[in-house]
Amino acid sequence: MENGHKGPASTPVLNKIVYALSLSDVEAASLLASAEISKPLRRIPRQANVREYELVHALWQRLGTLSDEQVQLMLLALKMTEKPTEKEGISK
């Protein structure tokens with residue numbers, strides 16, 4: 001942001017914005033979360049499994065073309081905490 005490029009501002013710049021605007025804790029947390037979300041580059045963690053690599057690859061191929069509904073469905077799926085088992089009708 002401070003260099004004229006898309007991407008998050010550095011932490012010191014964000015802290016100056018928080019201070020200059022006298023943001024509340026909630027507003028500051030929202031600003032920092034937005035900066036984290038807007039990172040243009042990501043690294044796949046070493047502990048990611050093959051299926052996760054496949055997911056990232058498939059998503060990468062579709063970025064920029066996904067509908068709001070597709071994004072909402074994926075975000076909903078990522079919030080699920082229970083893993084279905086074969087007994088429940090889902091096979092691996």
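For the sequence shown, position 44 matches number 44 in UniProt numbering, and the numbering has no gaps at all. All C-beta atoms, glycine included, are put in the ideal place defined by N, C-alpha and C.
Simplified DSSP state of residue i, which is helix, strand or coil
i	result
Ser81	Inspection of the sequence shows that residue 81 is occupied by Thr rather than by Ser. Thr81: coil per DSSP, three-state reduction.
Met1	Only weak support is given to the placement of Met1: the predicted model assigns it a pLDDT of 48, under 50, and the value that follows is read from those uncertain coordinates. Coil, per DSSP.
Ile37	helix
Leu21	coil
Arg51	helix
Ala58	helix
Ala9	coil
Cut-off 7 Å between Cβ atoms - residues of its own chain near residue i, not counting five sequence neighbours on either side
i	result
Pro32	The sequence given here has Leu at residue 32, not Pro. The residues are Leu14.
Leu73	none
Same chain only: Cβ atoms within 6 Å of residue i, ignoring 5 sequence neighbours per side
i	result
Val18	Ala28
Distance cut-off 7 Å: residue i Cβ against heavy atoms of the ligand SAH
i	result
Leu55	The ligand SAH is absent from the structure shown, which contains no ligand whatsoever.
Same chain, Cβ closer than 8 Å to residue i, five either side skipped, listed in chain order
i	result
Ile44	Glu52, Tyr53 and Val56
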